[in-house]
Amino acid sequence: MKLLDGKKCADHLVADIAGKVAGYTAAGLRKPHMTIILAGSHAPSESYVKSKLASCRKAGFDGELVRLPEKIAEAELLARIWDVNNDAGTDGLIVQLPVPKHIDKQNIINAIAPEKDIDGFHPANFGRMTLGQKAFRPATAYGICKLLQFYEIPTRGKHCVVIGRSNIVGKPISIMLSNDFDIGNATVTLTHIETPRELLLDETRRADIVIVAVGIPGFITGDMVKEGVVLIDVGINRLENGGIVGDVDFENVSKKCSWITPVPGGVGRMTVAALLINTLIAYQNKFKPG
Ligand code: NAP
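Just so you know, our numbering puts 212 at position 208 of the sequence shown, and the rest follows in order with no gaps.
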């Protein structure tokens, strides 16, 4: 078993981005700028935001956090998004999810200017990605593709099973891997909570690649996968003792894997790296540096 080390891959990508940014600033351009809007205070969100801002610093970006109160009205939050949309000094905008319960998440996602939508959740980007066109790709799914590319894991012609159909992970990665992309051309089965258990087991046991994003610790057990499987564990589950685990029974499943992502240090790091790549693309689209 070998580890798909998200930290190592992300560090490599961030160093590459930092080199490009150093070149642009030396030529007189401003730094790329990522703005994160955080409404309310939610412990996991605080930790994700901290990690995104730290990565901005490593990449040579300006990272800006706009803190808004938990009780902010939806109209006010939309107005703040429009401000950032119209701010020529910001290249990429993230509204950290989840938003407070009284706010309609989809209205927020739809309000972000597609050209600044580095999460890749806006329908314009998601639609273009689905059609195989140039787009900001949803960051976690894009990060998984970058990790597979870094470790030269072939996807063409492989049978891939994705468990979980969220708009932010399961759905986009299933589309991206089945599309005619460099990291793609797989035969993908997307499963979800209505997938009968027997069918799920049939699928996972013959899969070459399993990607799990359900948010249930220990969901994938050793008897569910074949020898040599590539296992991508997207789950981030916080335990009462403060520890973080994925959706895989790592100890038993890893024995059967050719490759597996650790949690932490796997997909989470890649999501942040993908956000930086998307921000750099947004910046390059604006400045068209040489
Ligand atoms: P989500 O929106 O809650 O979606 C979970 C999905 O899993 C749903 O599609 C659900 O099916 C499906 N599911 C739940 N129980 C299932 C079961 N017993 N069998 C089959 N499918 C089942 O979650 P998410 O946002 O995709 O996140 C999933 C996990 O990934 C969480 O732990 C989250 O923290 C983590 N995550 C990590 C990163 C990262 O960067 N590493 C990024 C995003 C999320 P239904 O649609 O039918 O309900």
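In this text, a Cβ means the ideal position worked out from N, Cα and C, and glycines have one as well. Just so you know, these numbers come straight off a predicted model, no measurement behind them.
Query, Result
"With a threshold of 6 Å, establish whether the CB of His196 neighbours any heavy atom of the ligand NAP.", "yes"
"Tell me whether Val18, by its Cβ, gets closer than 6 Å to a heavy atom of the ligand SAM.", "Absent from the structure shown: the ligand SAM. Ligands present: the ligand NAP."
"Pop quiz: Leu69 and Ile113 are said to be a contact at Cβ under 8 Å. What is the actual Cβ separation, rounded to whole angstroms?", "Actually they do not touch by this definition, with Cβ atoms about 19 Å apart."
"Do Ala211 and the ligand NAP come close, with the Cβ less than 6 Å from some heavy atom?", "no"
"Enumerate, from N- to C-terminal direction, the unbroken beta strand (DSSP E) stretches of 3 or more residues contained entirely within the stretch 222-258.", "233-237"
"To the nearest angstrom, how far is it from the Cα of Thr134 to the Cα of Ala63?", "29 Å"
"So what does Trp263 bridge to, in DSSP terms?", "Lys6 and Val234"
"My guess is that Pro104 and Ala43 are in contact by the Cβ rule of under 8 Å, so how many angstroms apart are they, rounded?", "6 Å"
"From this set, Ile76, Leu57 and Glu244, which residue's C-alpha is nearest Gly96's C-alpha?", "Leu57"
"Can you give, in chain order, each stretch of the alpha helix (DSSP H) that sits fully within the stretch 69-131 and has at least 4 residues?", "78-89 and 109-115"
"Would you mind working out which of His37, Ile76 and Glu50 sits nearest Asp121, comparing C-alpha positions?", "His37"
"Classify Gly27: buried if its beta carbon has 16 or more other beta carbons within 10 angstroms, exposed otherwise.", "exposed"
"Would you tell me roughly how many angstroms separate the C-alpha atoms of Ile172 and Gly272, rounded to the nearest one?", "13 Å"
"Is DSSP giving Gly188 helix, strand or coil here?", "coil"
"Given 6 Å as the limit, tell me if Arg169 has its C-beta closer than that to any heavy atom belonging to the ligand NAP.", "yes"
"For Lys109, which residues in the same chain have their Cβ closer than 8 Å to its Cβ, ignoring the five residues on either side in sequence?", "Leu101, Pro102 and Val103"
"Apart from the five residues on each side of it in sequence, which residues of its chain come closer than 8 Å, Cβ to Cβ, to Ala22?", "Lys62, Ala63 and Gly64"
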